[in-house]
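Note sheet for the following structure.
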Amino acid sequence: MMKEMKVATPEGTKSFPLWSRSSLRLRIVVMICFAVFAQGLMTTDFNMAIVCMVNHTATVNDSVGVSETETGGKSCPKDDVSTQTSSSSGNLQWSNKEQSWIFSSFYVGGLLSVLACAFGLANRFGLSRVIVVGAIVSVVGSFLTPLAAEHGGVVFTLIVRFIMGSGQGVMLPCAAAMVTRWFPVTERSTACAIYTAGNQLSQIAAMFFSAQLCQTTFLNGWPSIFYTFGIVGAVFCILWLFIVSDSPDDCQSISEEEKIYISNNRTSSPTNPSVPWKAMLTSTVVLSTYSCTFAYAFVWVALITYLPLYFHTVMKMNLTSNGIMSALPFVAMLISKIVMGLIADLLKKKTSISVNAITRVSNTFASFACGACMLGLAFLDCSQRALAVALFCLGMWSMSGYIPGHFTSLVSIAPPYSAVVNSLSRTVAQIASMIAPFIVAAITHKRLASEWQIVFILLAAILFVSGLFFLICGSASVEEWAQVKPIKPVAEELRFESLASIE
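Here it is, written out as structure tokens:
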């Protein structure tokens, strides 16, 4: 077993603060955050839009309009709907099964592009190019979605969402690889917290603004959601092309001082390392990290996909309340993840607490606290809306522990193979994302509270099991099979020091 390790700055290395106006890596991580945000908008828009696209009263086995739920006969009246306009009443008659197919098709497309990344797509064409091409694909798909839904039906909508997923799937593997290239080990939890905050920002914006756009007459209501978010994606693509480079070595505008600081505090890596597949795929560290990846993705997709429908059909909320309440858990997560990432990196720099200890504790907190919240939600009914929203917020808040937890582990355990490790992680996440809508739809085919009780217990079980696995086997130390020497010499003034700093 590897020795427990902690971070120290290489002797003689001059610090170059991340939080400064001249820090180029800060601009890079903000742009990565914008990338995740733009892609997140074009991922989540459909989840809220489906509430006002589909005529739920005409959907087989849909329980909308039922005044009693399976909660002991308690009356659950809907919110006042007087503020809703006719534009929020859907005219598409898609069954629950058809909706789940459309939801899942997005992640099937993402799976294919993630596999392409795992087998060298990003290395061949460059990280920044792959990200922007993926975003362009998503932008085009976003503009085509209303046309496909209204005139092409389920099949054409499914195809468009599949193509959009293929564009979105390259985002996180490439983003994680860029963090490895641009950030010293002591800043990676902070960097992960910043760029993944784009997820929460996109959820907040998508949930709130989608609900408002659904109720307007602008561009006939719900189609305006896809056009608006497509424009945001187009703006991102333009900015990305002018600002971002794959690494400090490829950047023309970075200062020599910052380049040297990054070089001396990140991990050495060969030009074209041979991937030790057997060691990687049999590593308990890698497998425990992937188990948390699966749990996070399954719970995340289940919630962002069905939370608006849950609030609409079980909690009987109108669109305005739905948009606000669906956004609140992601506000909580956004705040907590930034704080947790900063605290984790501060502990690494200022204390003798090992990186592994910080990673395990953070991840354990995320898994078990969120699991406890899901378990609590299983026993609530529509007469306890405020408590349900509070538990959703607390659950998403606690999931921020995954950032200094297994997310940091992913970019730390095998720096030379970061793109491969993260691509395989995204493959696991895409598989979880694909099956989550099917499983939730199959369980909640009548949209009753008793069915959601089963869903929440399932989510809790997945979180508990994965959290225990990582607590026993997880690590943020560089694995022995990943400790390789550079193939090509690096210029003397830009000499790499290994993560030796981890003792």
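Numbering-wise (UniProt numbering), the sequence shown opens with residue 1 and increments by one.
For glycine and all other residues, C-beta sits at the position ideal for the given N, C-alpha and C.
#1: Could you tell me the boundaries of the alpha helix (DSSP H) in which residue 199 lies?
#2: Taking 8 Å as the cut-off, decide whether the C-beta atoms of residue 219 and residue 51 are in contact.
#3: Taking 7 Å as the limit between beta carbons, can you name the residues of its chain near residue 253, skipping five residues before and five after?
#4: Between the Cα of residue 260 and the Cα atoms of 333, 294, 45, 181, which residue gives the shortest distance?
#5: Among the residues of its own chain, which have a CB less than 6 Å from the CB of residue 302, if the five just before and after it don't count?
#6: Just verifying my parser: in three-state terms, what is the DSSP assignment at residue 314?
#7: Please state the DSSP three-state secondary structure of residue 19.
#8: Could you name each continuous alpha helix (DSSP H) segment of 4 residues or more that falls completely within the region 303 to 377, going from the start of the chain to the end?
#9: DSSP state of residue 54, grouped into three classes?
#10: Give the straight-line distance between the Cα atoms of residue 168 and residue 372, rounded to the nearest whole angstrom.
#11: Using the rule of at least 16 other Cβ atoms within 10 Å of the residue's Cβ for burial, across every protein chain shown, is residue 344 buried or exposed?
#12: Please classify residue 380: does DSSP put it in a helix, a strand, or coil?
#13: Among 135, 365, 347, 293, which has the Cα closest to the Cα of residue 36?
#14: Could you tell me the boundaries of the alpha helix (DSSP H) in which residue 454 lies?
#15: Any idea which residues DSSP pairs residue 92 with across the strands?
#16: Could you tell me whether the region 122 to 135 touches the region 89 to 103, using the rule of 3 or more Cβ pairs below 8 Å?
#17: Count the other CB atoms within 10 Å of the CB of residue 480; is the residue buried (16 or more) or exposed (fewer)?
#18: Helix, strand or coil for residue 245? Go by DSSP, reduced to three states.
#19: Pair every Cβ in the region 137 to 153 with every Cβ in the region 198 to 210, then say whether three or more of these pairs are closer than 8 Å.
#20: Mapping the DSSP letters down to three states, classify residue 234 as helix, strand or coil.
#21: Need the endpoints of the alpha helix (DSSP H) that residue 257 sits in, please.
#22: Residues in its own chain within less than 6 Å of residue 111 by CB, not counting five upstream and five downstream?
#23: For residue 258, which residues from the same chain have a beta carbon less than 8 Å from its beta carbon, with the 5 sequence-adjacent residues on both sides left out?
#24: Using a threshold of 8 Å, state whether the C-beta atoms of residue 401 and residue 356 are closer than that.
#25: When you compare the CB positions of residue 190 and residue 342, do they come within less than 8 Å of one another, or not?
#26: What are the boundary residues of the alpha helix (DSSP H) that residue 222 is part of?
#27: Which whole-angstrom value describes the C-beta separation of residue 411 and residue 188, a residue pair presumed to lie in contact below a C-beta threshold of 8 Å?
#28: Can you give the Cα-Cα distance for residue 482 and residue 255, rounded to whole angstroms?
#29: Need the endpoints of the alpha helix (DSSP H) that residue 125 sits in, please.
#30: Residue 185: beta carbon under 7 Å from a heavy atom of the ligand ADP?
#31: Nearest CA to the CA of residue 162: which residue from 408, 217, 105?
#32: By how many angstroms is the C-alpha of residue 286 removed from the C-alpha of residue 338?
#33: From which residue to which residue does the alpha helix (DSSP H) around residue 278 run?
#34: Tell me which residues share the same chain as residue 315 and place their Cβ nearer than 7 Å to its Cβ, disregarding the 5 neighbours each side in the sequence.
#35: Are residue 49 and residue 214 touching if we call contact CB-CB under 8 Å?
On the basis of the coordinates in this document:
#1: 188 to 214
#2: no
#3: 24
#4: 181
#5: 436, 440
#6: coil
#7: coil
#8: 319 to 350, 355 to 377
#9: strand
#10: 31 Å
#11: buried
#12: coil
#13: 135
#14: 449 to 473
#15: 54
#16: no
#17: exposed
#18: coil
#19: no
#20: helix
#21: 256 to 264
#22: 430
#23: 16, 22, 23, 24, 25, 248
#24: no
#25: yes
#26: Unbroken run through residue 222: none, as it is neither H nor E.
#27: 5 Å
#28: 30 Å
#29: 121 to 125
#30: The ligand content of the structure shown is nil, which means the ligand ADP is not present either.
#31: 105
#32: 25 Å
#33: 277 to 281
#34: 382, 385, 388
#35: yes
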